[in-house]
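Step one of this worksheet: look at the structure below.
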Amino acid sequence: MNIYLNGEPQQVPDNITAAQLLETLGLTGKRLAMEVNMEIVPRSTFEEFVIHSDDRVEIVHAIGGG
């Protein structure tokens with residue numbers, strides 16, 4: 052299915068979860084935040100949260116500072 056990942060079209064498997072998407076992208080274990088259709092997806096729900104066709108997914112890396 053087609054989604055938009057950080058503004059770019061991306062093909063991903065049907066019924067992929069947020070956690071599986073991160074694994075596919077090689078981002079597992081990284082400090083990041085995910086937003087789907089302008090709604091923050093809590094990290095605690097990544098395993099259950101299903102991405103749908105034409106969803107707009109934004110992934111940003113968390114950068115610490117002081």
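If you read the sequence shown in the working numbering, its first letter stands for residue 52, the second for the next number, and so on.
Ideal Cβ positions, reconstructed from N, Cα and C, are used throughout, including at glycine.
All of these numbers come straight from a predicted model, not from anything done at the bench.
Per DSSP, reduced to three states, the secondary structure at E99 is coil, with no helix or strand assignment. Per the DSSP secondary-structure output, I91 pairs in a beta bridge with E86. Non-local C-beta neighbours of L78 in its own chain, meaning closer than 8 Å and more than five positions away in sequence, comprise I110, ordered along the chain. Contact fails between the segment 53 to 61 and the segment 88 to 95, because fewer than three Cβ pairs, one in each stretch, are under 8 Å apart.
Taking C-beta separations shorter than 6 Å and ignoring five residues to either side along the sequence, the partners of V108 in its chain run I54, L56 and V87, following chain order.
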